[in-house]
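Chemist:
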Amino acid sequence: MLNDHQRRRLTVRMGRLVEEAEPLLDLLRESPDGASQALRDELETLIRTTRAAAARLEIDLEGPSPDLSHRVRAWSAAWWTRILDCRPEHLKGLGEVDPIDADRIAPEIDEIAGHLARLQRLAGE
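Residue -12 in the numbering used here sits at position 6 of the sequence shown; the count goes up by one each step and never skips.
(1) Apart from the five residues on each side of it in sequence, which residues of its chain come closer than 6 angstroms, Cβ to Cβ, to arginine 100?
(2) In three-state DSSP terms, what is isoleucine 41?
(3) With distances taken between CB atoms, is the gap from glutamate 4 to isoleucine 29 smaller than 8 angstroms?
(4) Going by alpha carbons, who is nearest to valine 0 out of Asn(-15), Asp(-14), Ala36, Leu76?
(5) Residues in its own chain within less than 7 angstroms of alanine 95 by CB, not counting five upstream and five downstream?
(6) Where does serine 18 sit, in a helix, a strand or coil, going by DSSP?
(7) Where does valine 79 sit, in a helix, a strand or coil, going by DSSP?
(8) The ligand SAM heavy atoms versus the CB of methionine -17: any closer than 7 angstroms?
(9) Output needed for leucine -16: all residues of its chain with C-beta closer than 6 angstroms, excluding positions within five of it in sequence on either side, in chain order.
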């Protein structure tokens, strides 16, 4: 039997997955350049599979959403990780980064990451 924390984690993660995938699917359907049918089919399958798994696990994806502070914490944590991946040492995997560009990029990314970290902290208070 899932405890409250486990159920909440599954509810939020699976719910957000479906919530973010559905508009993406709509965009693919409306795309003038015609996204591949295989891509649309796979995204539809992902949504269907996630909804079916939630039903089998007795998780209500349409249930109440987490409090706003929790949502801000989760969002800012995810983006903190993503934005730090844009630091020059991580961009090297995409090709050599010019040292002048690296010196310009690093403080900008660090400033953005700092704001995201502060959001996480403030939302946790």
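Where is the CB? At the ideal position from N, CA and C, for every residue including glycine.
Modeler: Here's the rundown:
(1) none
(2) coil
(3) yes
(4) Ala36
(5) Closer than 7 angstroms at Cβ, skipping near neighbours: Trp62, Ile65, Leu66.
(6) coil
(7) coil
(8) For the structure depicted, the ligand SAM is absent and the ligand set is empty, with no information on it obtainable.
(9) none
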